[in-house]
Amino acid sequence: MPAAISLLNVVPDNKKNFFTKLIFKLLDRVLAINKLDDLYRENNLHGLDKTTFAKSLLDGLNIRLLGLKELQAKIPKTGPLVIASNHPFGGIEGVFLAWAIEQVRPDIKVMANQGLKIFPELEDYFIFINPLSENDPKNAPSIRTCLKHVKTGGALLIFPAGRVSYFHKDTKRIADHSWNRLIASIANRTNAHYLPIFVSGLNSPLFYRLGRVYFRIRILMLPRELVNKRNAKITVTAGEAIAIKHYAKDIDLDTQTELFRAQSYLLDPDWQKPWTADPVTQLQPLAVEVMGETILHEVHQLPSEQHLLDHKNLSVYFGYQNQIPNTVNEIARLREMVFREHNEGSGEPLDTDHFDATYTHLFVMKQDTGQLIGAYRMGQTDKLLANDNLENLYLHRMFDFGSDFVNRQQPCLELGRSFLIPEYQNSFQGLFLLWRGIGVFVCQYPHYRTLYGTVSISKLFDVRSVAIIQQAMVTHTNKVKPRAPFEHTLHPEVQDFAVQHGLKNHVNALLKGIEPDGKDVPILLKHYNKLGAVFHCLGIDKSFNDTPGLLLSVDLPNAPEKLLKLYMGNGWRGYKEAKTK
């Protein structure tokens, strides 16, 4: 008969005698270790190799695991990798995660509690450590082994809490203990990718009740809790592997560790939700392209002051619909084409409305062919609000502007409906020329001291990403409010991190962990942020396929000097020092 599974397995051979064997046999019964041994015998687990043992144990418990294929698809197949998970059960998650990860990364090692030596078949997975004592000198060799393993391109799984999740009196939530900063230290020192994981589930109510009486009871109850997982359905949710370079450069180790923990809880499926169905369900064919010759003919009739600048083979102009009707139609066609790529299109042949007739159109055009490469729609508020009718502002549909918001206090430019055609979207040139045009325009009309508008955040972003951007960027005000607010609550553990550390410096890392295609903060949002924008609120644009829009304003004369020089050229100082009424 194979050797029994017993707590005695963790006792060195030279310490075993009749009395220790008797005591540990009694403990085996009290702590339900004997039930584990029954499980061993029923499923012939003794002496199996680690992979077969893990699979047979899961089959013997009839545990149904969800999300493993998605996890495996997100694991980098090669290179230094640190994987971290919450620790809801205290044991079985280490078994099934090691088994699942091994199928992609045969080099997987698990930093594990010495208590798991009770499963001798699994020892080849583990690098044992005492997580309850960070200063235990016996941990040093294990830490060095972990570092060497990852540095040489290996994969390492860690449960950084070092103990099972428990009920926290202060928050009234069941969650992990604070994570050990060793996780961040190893990832940083090895330049590894970091992969967050969240395992959903709870232990029995009795486990949490007794754990509140005395914390060490939780450890004693873990074997019983493992056996109790028979017939359980457990969901594993994996994030995206994140390169360490995406974390803030000046982040300290403690904050980074807490951020790693927050990234795990951000994956909790109970705190995820899909976008509501798009109002636009059918896309009509785009309108017929306006020929370049037609555009060139219209543009060449514009007054010379509306020709803002030339750069290589490109020119920047501004005009009005009554001056350049065909050009504005082509702008509307291209807007619709580009917006559809981001799930923001109207579904109509043209992205147009009655505001096109009253707003100013700033655009970039190829000098030789008349092809349009990008545009902005600008609202000159002193003209639009001459009769104090807010209905003349496009963004009045989206936001309730108070009497003390800047657009009702002084002349402003309301910016919106910006686009670049696909071949210019990833180039510096396109965005630069649009903003160079805006710079020349305000130098001509220096009474416009403030720019305001929205940055659209595509619903191709995860709802959580938009919530992160909102919480990170918005400075709350009572001067304006959205008519249709964006509403999504982040996981309480993520909110706790945000309260303590803020999210603004961590948006990049947080988005990289949940966006499957590696999407980052929208480039236009980054641009406005560099200009010193204040972000006021986030609303849903009901006139734009229910797209979230982040309202911002820029005090342009106080933008960074280097950007004023870049966009205004020699006119920057005159604009900055201009005296306006």
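Count the sequence shown with the numbering used here and you get residues 5 to 585, in order. Cβ atoms here follow ideal geometry from the backbone N, Cα and C, with glycine treated the same way.
Measure the CB-CB distance between residue i and residue j and report whether it falls below 7 angstroms.
{"i": "V294", "j": "N330", "result": "yes"}
{"i": "V512", "j": "H250", "result": "This sequence places Asn at residue 512; Val is not what is there. Yes. Within cutoff."}
{"i": "Y170", "j": "G215", "result": "yes"}
{"i": "V410", "j": "S557", "result": "yes"}
{"i": "T239", "j": "G71", "result": "yes"}
{"i": "R638", "j": "T261", "result": "Absent from the structure is residue 638, since the part of the chain shown begins at 5 and ends at 585."}
{"i": "I96", "j": "K233", "result": "yes"}
{"i": "P450", "j": "A582", "result": "yes"}
{"i": "A191", "j": "I248", "result": "yes"}
{"i": "R4", "j": "P561", "result": "As shown, the chain starts at 5 and ends at 585. That puts residue 4 outside it, with no answer to give."}
{"i": "L270", "j": "V86", "result": "no"}
{"i": "Q371", "j": "G296", "result": "no"}
Measure from the alpha carbon of residue i to the alpha carbon of each residue in the options, then state which is nearest.
{"i": "H91", "options": "F163, D408, C416 and G157", "result": "F163"}
{"i": "Q674", "options": "P552, T373, H250 and Y456", "result": "No statement about residue 674 is possible, as the shown extent of the chain runs from 5 to 585 and does not include it."}
{"i": "L464", "options": "P486, T479, V478 and L515", "result": "L515"}
{"i": "L388", "options": "G575, Q371 and C416", "result": "C416"}
{"i": "T280", "options": "M382, H492 and H531", "result": "H492"}
{"i": "Q413", "options": "P426, D392, N430 and F432", "result": "D392"}
{"i": "R487", "options": "L263, G406, G98 and R265", "result": "G406"}
{"i": "I577", "options": "P520, K316 and Q448", "result": "Looking at the sequence provided, one finds Arg at residue 577 rather than Ile. Selected option, being the one with the closest Cα: Q448."}
{"i": "D524", "options": "Q305, V470, D63 and D180", "result": "V470"}
{"i": "P526", "options": "T82, M225 and H346", "result": "H346"}
{"i": "F490", "options": "S462, K483, G517 and F501", "result": "S462"}
{"i": "N195", "options": "F93, R177, I178 and G157", "result": "G157"}
{"i": "E565", "options": "G536, N549 and S268", "result": "G536"}
{"i": "A236", "options": "L570, F100, N574 and D408", "result": "F100"}
{"i": "V203", "options": "L75, P520 and I79", "result": "L75"}
{"i": "T259", "options": "K569, Q504, L542 and K580", "result": "Q504"}
{"i": "L568", "options": "N549, Y218, L554 and Y532", "result": "Y532"}
{"i": "I518", "options": "L30, W103 and Y198", "result": "Y198"}
{"i": "P283", "options": "C150, I544, D357 and L263", "result": "I544"}
{"i": "T385", "options": "I377, T373, G374 and L399", "result": "L399"}
{"i": "A144", "options": "H153, D180 and I133", "result": "I133"}
{"i": "I205", "options": "S89, K59 and D256", "result": "The displayed chain sequence assigns Gly, not Ile, to residue 205. Among S89, K59 and D256, the Cα nearest to that of G205 is on S89."}
{"i": "A502", "options": "V478, A563, L394 and K152", "result": "V478"}
Among the residues of its own chain, which have a CB less than 6 angstroms from the CB of residue i, if the five just before and after it don't count?
{"i": "V320", "result": "L312, L313, V368, L437 and G441"}
{"i": "R401", "result": "S547"}
{"i": "V444", "result": "L312 and L313"}
{"i": "G594", "result": "The question about residue 594 has no answer, for the chain in this structure spans 5 to 585."}
{"i": "I131", "result": "K113, M115, S146, T149 and C150"}
{"i": "A106", "result": "This sequence places Glu at residue 106; Ala is not what is there. I112."}
Is residue i helix, strand or coil when you go by DSSP?
{"i": "R577", "result": "helix"}
{"i": "S60", "result": "helix"}
{"i": "H531", "result": "helix"}
{"i": "N117", "result": "strand"}
{"i": "F445", "result": "helix"}
{"i": "H346", "result": "coil"}
{"i": "T551", "result": "strand"}
{"i": "T331", "result": "helix"}
{"i": "D111", "result": "coil"}
{"i": "L136", "result": "The pLDDT assigned to L136 is 49, lower than 50, so where the model puts this residue is not dependable, and the model offers no usable value."}
{"i": "I162", "result": "strand"}
{"i": "R381", "result": "strand"}
{"i": "S146", "result": "helix"}
{"i": "R220", "result": "helix"}
{"i": "G215", "result": "helix"}
{"i": "M5", "result": "Bear in mind that a pLDDT of 39 at M5, under 50, signals an unreliable position, so the model cannot answer this."}
{"i": "P283", "result": "coil"}
{"i": "Y170", "result": "strand"}
{"i": "L542", "result": "strand"}
{"i": "R185", "result": "coil"}
Just to confirm my understanding: we take residue i, look at its own chain, exclude 5 residues before and 5 after, and list those with CB closer than 8 angstroms. What are they?
{"i": "A379", "result": "I335, L338, R339, H365, L366, F367, V368, R421, S422, F423 and L438"}
{"i": "P353", "result": "Q288, P289, L290, A291, R337 and E340"}
{"i": "T175", "result": "P496 and D500"}
{"i": "F586", "result": "As displayed, the chain neither begins before 5 nor continues past 585, which places residue 586 out of reach and without an answer."}
{"i": "K534", "result": "P564 and L567"}
Quick one: is residue i near chain C, going by C-beta distance under 7 angstroms?
{"i": "A476", "result": "Here there is only one protein chain, and chain C is not present."}
Suppose the cutoff is 7 angstroms on Cβ atoms and the five residues either side in sequence are ignored; what does the same chain contact list for residue i look like?
{"i": "K54", "result": "E125, L126, D128 and Y129"}
{"i": "L136", "result": "Confidence is the limiting factor: at L136 the pLDDT is only 49, short of 50, which leaves the residue's position unreliable, though a coordinate-based value still follows. Once the five neighbours on either side are set aside, the close Cβ partners of L136 are G166 and R167."}
{"i": "A102", "result": "A58, I112, V114, Y129 and L161"}
{"i": "Y428", "result": "I377, G378 and G434"}
{"i": "L65", "result": "K233 and R234"}
**Prompt:** Enumerated in chain order, which unbroken segments of the beta strand (DSSP E) with a length of 3 residues or greater are wholly contained in the region 447-528?
**Reply:** List check, beta strand (DSSP E) in window: 454-460 and 484-486.
**Entirely enclosed beta strand (DSSP E) segments - the region 234-275, minimum 3 residues** = If we require 3 residues or more, the beta strand (DSSP E) runs fully inside the region 234-275 come out as 237-242.
**Request:** Only counting runs of 3 or more residues, tell me where the beta strand (DSSP E) segments fall wholly within the region 39-86, in order along the chain.
**Result:** Those beta strand (DSSP E) runs which fall completely within the region 39-86 and span 3+ residues are 68-70.
**Item:** In chain order, each alpha helix (DSSP H) run of at least 4 residues that lies wholly inside the region 346-430
**Value:** Taking only runs of at least 4 residues, the alpha helix (DSSP H) segments lying wholly in the region 346-430 are 385-388.
**Message:** Please give the ranges of any beta strand (DSSP E) in the region 294-324, keeping only runs that are unbroken, at least 3 residues long and fully inside the region.
**Reply:** If we require 3 residues or more, the beta strand (DSSP E) runs fully inside the region 294-324 come out as 311-315 and 318-323.
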